[in-house]
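**Student:** In this text, residue positions in the sequence shown follow the numbering used here: the first is 495, and each later residue adds one.
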Amino acid sequence: MHVTIAPASTRTAAAVIRSLLAEAPDSVDIHALYRNLARVPKEFADKPNFHALQGDVADPTTLDFTGSDAVLAITPPTFEGGDIVKQAEILSKNVKDAIEAAGSVKRLVLLSSIGAQLREGVGEIKTNNAAERVLATTNVPSITFVRCAYFMENWTMGMDTLKAPEPFFFSTITPLDWKVPMVAVADIGSTLAAELLKEEPAPSKPHVYELHGPRRYTPLDGQAAFSKAVGKQVAVKPVEKSELHSFYSQVFPPEIVGEWVEMSTSFLEGGVMAADKVDYRHVNNVIYNRFAESARVNWITSYAATAEPAQRQQWDELMTPRSIGLILRSIKTDYKLPITYPDQVTVIHKLSVKPDYGADSVILEAVILSEQHKRIAARCFEDIAVYDYQAAKRAPLKDFMVDELRKVYDLQEKNKAEMDKLAAAIEEAVGA
Numbered sequence: 495m496h497v498t499i500a501p502a503s504t505r506t507a508a509a510v511i512r513s514l515l516a517e518a519p520d521s522v523d524i525h526a527l528y529r530n531l532a533r534v535p536k537e538f539a540d541k542p543n544f545h546a547l548q549g550d551v552a553d554p555t556t557l558d559f560t561g562s563d564a565v566l567a568i569t570p571p572t573f574e575g576g577d578i579v580k581q582a583e584i585l586s587k588n589v590k591d592a593i594e595a596a597g598s599v600k601r602l603v604l605l606s607s608i609g610a611q612l613r614e615g616v617g618e619i620k621t622n623n624a625a626e627r628v629l630a631t632t633n634v635p636s637i638t639f640v641r642c643a644y645f646m647e648n649w650t651m652g653m654d655t656l657k658a659p660e661p662f663f664f665s666t667i668t669p670l671d672w673k674v675p676m677v678a679v680a681d682i683g684s685t686l687a688a689e690l691l692k693e694e695p696a697p698s699k700p701h702v703y704e705l706h707g708p709r710r711y712t713p714l715d716g717q718a719a720f721s722k723a724v725g726k727q728v729a730v731k732p733v734e735k736s737e738l739h740s741f742y743s744q745v746f747p748p749e750i751v752g753e754w755v756e757m758s759t760s761f762l763e764g765g766v767m768a769a770d771k772v773d774y775r776h777v778n779n780v781i782y783n784r785f786a787e788s789a790r791v792n793w794i795t796s797y798a799a800t801a802e803p804a805q806r807q808q809w810d811e812l813m814t815p816r817s818i819g820l821i822l823r824s825i826k827t828d829y830k831l832p833i834t835y836p837d838q839v840t841v842i843h844k845l846s847v848k849p850d851y852g853a854d855s856v857i858l859e860a861v862i863l864s865e866q867h868k869r870i871a872a873r874c875f876e877d878i879a880v881y882d883y884q885a886a887k888r889a890p891l892k893d894f895m896v897d898e899l900r901k902v903y904d905l906q907e908k909n910k911a912e913m914d915k916l917a918a919a920i921e922e923a924v925g926a
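(1) Three-state secondary structure (DSSP) at D773?
(2) Which whole runs of the beta strand (DSSP E) in the stretch 690-737 are 3 residues long or more, in chain order?
(3) Confirm, please, whether the CB-CB distance from F639 to S598 is below 9 Å.
(4) Who are the Cβ neighbours of T632 in its own chain at under 7 Å, not counting the five residues just before and after it?
(5) Fully enclosed by the stretch 557-625, which beta strand (DSSP E) runs are 3 residues long or longer?
(6) Mind checking whether F544 and A508 have CB atoms under 9 Å apart?
(7) As a quick exercise: from S665, Q717, S788, pick the residue whose alpha carbon is nearest that of F741.
(8) Taking S817 as the reference, give the member of L831, Y528, P890 with the closest Cα.
(9) Quick test of the definition: if touching needs 3 or more C-beta pairs under 8 Å, does the stretch 798-817 touch the stretch 853-864?
(10) Got a sec? Which residues, its chain only, sit under 7 Å from A680 by beta carbon, not counting five neighbours each side?
(11) Determine the closest residue to L566 out of A688, Y883, T827, A872, with distance taken between C-alpha atoms.
(12) When the Cα of F559 is compared with those of K600, P695, L670, Q611, which residue comes out closest?
(13) According to DSSP, simplified to helix, strand and coil, what is F746?
(14) Tell me whether S562 is buried or exposed, calling it buried when 16 or more other Cβ atoms sit within 10 Å of its Cβ.
(15) Would you verify that the beta carbon of P542 is, or is not, closer than 9 Å to some beta carbon of chain B?
(16) How close, in whole Å, do the beta carbons of L831 and I878 come, if the pair is a contact with beta carbons under 8 Å?
(17) Taking the alpha carbon of M676 as the reference point, which residue from F645, Y528, K692 has its own alpha carbon closest?
(18) Residues in its own chain within less than 8 Å of V902 by CB, not counting five upstream and five downstream?
(19) Please state whether DSSP places F952 in a helix, a strand or coil.
(20) T668 to V730, Cα distance in whole Å?
(21) Quick one: any contact between the stretch 748-764 and the stretch 612-623, if contact means 3 or more CB pairs under 8 Å?
(22) On the CB-based measure, 16 or more other CB atoms within 10 Å of its CB, does L905 come out buried or exposed?
(23) Return the first residue and the last residue of the alpha helix (DSSP H) that Y441 is part of.
(24) Go ahead and label E787 buried or exposed: buried means 16 or more other beta carbons lie within 10 angstroms of its beta carbon, across all protein chains shown.
(25) For W793, which option in L820, E921, E660, K587 has the closest C-alpha, if you only look at C-alpha atoms?
(26) Taking its Cβ as the centre, do 16 or more other Cβ atoms sit within 10 Å of Y528, making it buried, or is it exposed?
(27) Beta-carbon separation of T569 and L547 under 9 Å?
(28) By the DSSP assignment, the alpha helix (DSSP H) with A502 in it spans what residues?
(29) Using the Cα positions of A872 and V534, report the straight-line distance between them to the nearest angstrom.
(30) Opposite M813 in the DSSP bridges: which residues?
(31) Apart from the five residues just before and just after Q717, which ones in its own chain have a Cβ nearer than 7 Å to its Cβ?
(32) In whole angstroms, give me the CA-to-CA distance for K908 and A917.
(33) Tell me whether I781 sits in a helix, a strand or coil according to DSSP, three-state version.
(34) Could you please give the first and the last residue of the uninterrupted beta strand (DSSP E) stretch that includes K980?
(35) For the beta strand (DSSP E) containing E859, list its first residue and its last residue.
(36) Report yes if the CB atom of F663 is closer than 9 Å to the CB atom of L656, and no otherwise.
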């Protein structure tokens with residue numbers, strides 16, 4: 495089996511390679527892309543099935559995935575400033591094109607983040623949203639997005655303060671007893687390695703799940719761990735919300751400081767991701783709508799996978815603010831039963847109304863199925879407006895889009911009639 499890691503220079507990529515070498519030392523051929531080959535860890539360099547290749551996801555001419563069976567894509571963080579979402583889209587498009595050009599890739603795995611279903615309010619995590627949107631339409635049999643929680647290793651940044659006579663570390667998570675879902679890089683590495691080695695296709699395309707540790711953690715847990723490791727009491731200095739901008743200004747260019755502040759506050763009380771789990775086991779009702787949003791994006795962009803080349807980009811851009819796009823005008827959710835952790839959900843969309851030519855809206859219905867309960871957990875009714883971002887006004891769908899949507903609606907009705915007929919036959923047989 496031939497696995498490619500792009501790029502391989504991150505700490506998480508190293509953890510994946512380490513797990514691959516441990517789990518399948520002889521049966522996996524690992525090709526790891528480094529922009530600078532001097533960064534190849536010595537622990538990998540002498541392994542016969544490890545191959546370090548010079549490549550840069552920012553330079554598509556250096557990406558050659560020929561012969562790859564599985565590819566791990568990692569969206570590198572941006573520290574130089576500029577439009578971080580646009581940069582993530584470009585890097586992801588480069589990886590997508592290289593995968594499709596190879597013609598051999600059967601499985602794509604993306605390292606993503608919790609909150610990647612959101613396009614606003616999550617700061618730097620928006621780059622993961624961009625990567626998911628681009629890679630969701632990659633023409634390969636199996637696609638998996640692993641949305642990881644807050645990295646435990648984030649606490650180890652700025653370790654010099656632990657060497658001070660009175661050791662301490664900074665915490666951007668406040669208050670200090672605030673609980674956040676976290677996961678260790680080693681666990682992320684083993685999970686991603688396992689996904690890459692799977693032979694069966696993912697249960698959905700893309701298959702999306704979150705990766706958390708066994709419980710939520712607080713800065714006080716980090717303080718206790720550091721104190722134990724150092725052998726003396728370690729202090730924790732909270733960076734309050736009002737201080738985050740000046741704190742990050744010491745590290746990042748001015749253009750992206752706001753993104754890091756927004757990402758940090760999204761985890762905190764009142765943040766868009768703090769509402770994900772009011773109880774760690776019970777999914778807050780607002781998350782049902784996020785499930786529907788993620789599925790709606792996948793449903794729309796799936797049309798790009800089978801579209802004519804000249805039309806593919808326009809389908810992709812429906813979920814971006816570049817030209818003609820879709821905006822949720824309203825959503826009504828009927829809750830049927832509570833979802834509790836652990837569970838998996840499947841979201842299925844259908845057209846509620848057959849679109850007409852010239853239509854400036856799309857009416858959808860979605861059901862959210864609980865795998866644990868084998869029942870419908872919620873039903874959503876969505877009114878989606880078509881909007882021309884360039885002209886700043888409502889706009890009609892393109893005719894070729896209406897053509898495809900009308901075909902899908904007709905197939906829905908045909909399948910419904912067949913299922914109604916089958917159900918009636920079963921009822922008659924049981925009644926007899």
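Here a beta-carbon is modelled for each residue, glycine too, at the ideal position from N, C-alpha and C.
**Tutor:** In short:
(1) At D773, the pLDDT of 48 sits below 50, so the modelled position is not reliable; the number obtained from the coordinates is stated separately. Correct three-state label for D773: strand.
(2) 701-705, 729-732
(3) no
(4) K590, I593, E594, L602
(5) 564-568, 601-607
(6) no
(7) S665
(8) P890
(9) no
(10) A509
(11) A688
(12) K600
(13) coil
(14) buried
(15) Checking the listed chains, one finds no chain B in this structure; it contains a single protein chain.
(16) That belief does not hold up - the Cβ atoms of L831 and I878 are roughly 26 Å apart, past 8 Å.
(17) F645
(18) L845
(19) Missing from the structure shown is residue 952; the chain here goes from 495 to 926 and no further.
(20) 11 Å
(21) yes
(22) exposed
(23) Since the first residue of the chain shown is 495 and the last is 926, residue 441 is not available in this structure.
(24) buried
(25) L820
(26) buried
(27) no
(28) A502 -> no alpha helix (DSSP H), and no H or E assigned at all.
(29) 48 Å
(30) In the DSSP output, where bridge partners are listed per residue, M813 has none listed.
(31) V728, V730
(32) 14 Å
(33) helix
(34) Residue numbering for the chain in the displayed model covers 495 to 926; residue 980 lies beyond these limits and cannot be assessed.
(35) 855-864
(36) yes
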